[in-house]
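K.L.:
Number 489 in my numbering belongs to position 170 of the sequence shown; there are no gaps in the numbering.
Note that beta-carbon positions come from the ideal geometry of N, C-alpha and C, so glycine has one too.
Bear in mind that the values here come from a model prediction, so they are computed numbers and not experimental data.
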Amino acid sequence: MAKYTGPKGKLVRRFGINIFENPKYDRLLERRSNPPGQHGEKQQRRKISDYGLQLIEKQKLKNSYGLLEKQFRNTFKKAAQKKGVTGDNLMALLEARLDNAVFRAGFSISRMQARQLVNHGHIRVNGKRVDIPSYQVRSGDLVSVKETERSRSMVEKNLAESPRFQHAGWLAVDTQALSFSVQHLPERDEIRSEINEQLIIELYSK
320 MAKYTGPKGK
330 LVRRFGINIF
340 ENPKYDRLLE
350 RRSNPPGQHG
360 EKQQRRKISD
370 YGLQLIEKQK
380 LKNSYGLLEK
390 QFRNTFKKAA
400 QKKGVTGDNL
410 MALLEARLDN
420 AVFRAGFSIS
430 RMQARQLVNH
440 GHIRVNGKRV
450 DIPSYQVRSG
460 DLVSVKETER
470 SRSMVEKNLA
480 ESPRFQHAGW
490 LAVDTQALSF
500 SVQHLPERDE
510 IRSEINEQLI
520 IELYSK
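This is the structure in structure tokens:
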């Protein structure tokens, strides 16, 4: 399945939660909380099967991080192979993606923009260029912005325009140096998400 490229507002309204963590979608849900389409209100009243609920949770999480179906399935397999709780492992793997860490640090206003920063070579990990958005950051990593005026001005602009942003507890952000260090890998209670990952585990366990 290809990545969704349509209006994000429709996805937010369909799921009923702000999966992109952008304030403008909070305002959208306040104005129009019903699902999109002519029969949106009827969809709200329709009973959804257990399978349907599981599928919706997977779609919420997959779209939140902007993953393709194959990418998401591979991430789930890695989570299942790791020691510990599969759901916690899945959330930690998604959260520790480099593009997400850049977003959590406030260096971008969205995960999509964070992915572009990484893809276009504006981000360094331990002093080396990393242009793979799915790169897994590790405890002790130092992530910084490329030392060029263009790279730094973009990130400075994002930080200035997003004073609302609360840095993730597992990151130590230096807004002057435009860098952040990974204090530890994210734990489930540090990840702000309304997703019920247990339903996703049940979906893939069938």
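Does the distance from the C-beta atom of F426 to that of L409 stay below 8 angstroms?
P.N.:
In the sequence shown, the residue the question calls residue 426 occupies position 107. In the sequence shown, the residue the question calls residue 409 occupies position 90. Cβ atoms of F426 and L409: not closer than 8 angstroms.
K.L.:
Below 8 angstroms on the Cβ atoms is my contact criterion, and I expect V462 with S512 to pass it. Report the Cβ-Cβ distance as a whole number of Å.
P.N.:
Counting from one through the sequence shown, the residue named residue 462 turns up at place 143. Counting from one through the sequence shown, the residue named residue 512 turns up at place 193. At roughly 21 angstroms, the Cβ-Cβ gap does not stay under 8 angstroms, so V462 and S512 are not in contact.
K.L.:
Please name the residue in D493, A420 and V474 whose C-alpha comes closest to that of Y454.
P.N.:
Here residue 454 is taken as the residue at index 135 of the sequence shown, counted from 1. Minimum Cα-Cα distance from Y454 among the listed residues D493, A420 and V474 corresponds to A420.
K.L.:
Within the continuous alpha helix (DSSP H) that includes V474, where are the two ends?
P.N.:
Residue mapping note: residue 474 aligns to position 155 of the sequence shown, counting from 1. Its alpha helix (DSSP H) spans residues E468 to E480.
K.L.:
Cα separation between A280 and L478?
P.N.:
No answer is possible for residue 280: it lies beyond the span of the chain, which begins at 320 and ends at 525.
K.L.:
For G359, name the three-state secondary structure that DSSP assigns.
P.N.:
Counting from 1 along the sequence shown, the entry for residue 359 is found at position 40. Residue placement at G359 is poorly supported in this model, since its pLDDT is 48, which falls under 50; the coordinates still yield a value, given next. Note: G359 maps to helix in three-state DSSP.
K.L.:
With DSSP as the reference, label D493 as helix, strand or coil.
P.N.:
Stepping through the sequence shown from its first residue, residue 493 is reached at position 174. Of the three classes helix, strand and coil, the one that applies to D493 here is strand, per DSSP.
K.L.:
Check whether the region 375-388 touches the region 507-522, counting contact only when three or more Cβ pairs, one atom from each stretch, lie closer than 8 angstroms.
P.N.:
yes
K.L.:
I need the straight-line Cα distance from A411 to T405, nearest angstrom please.
P.N.:
Taking the first residue of the sequence shown as 1, we reach residue 411 at position 92. Taking the first residue of the sequence shown as 1, we reach residue 405 at position 86. Approximately 10 angstroms, taken between the alpha carbons.
K.L.:
Using CA coordinates, which residue listed in N393, V331 and L417 is at the minimum distance from L490?
P.N.:
By 1-based counting over the sequence shown, the position of residue 490 is 171. The candidate whose alpha carbon is nearest that of L490 is L417.
K.L.:
Taking the alpha carbon of Y523 as the reference point, which residue from Q373, I442 and S429 has its own alpha carbon closest?
P.N.:
For the purposes of this step, residue 523 is identified with residue 204 of the sequence shown, where counting begins at 1. Ranking Q373, I442 and S429 by Cα distance to Y523 puts Q373 first.
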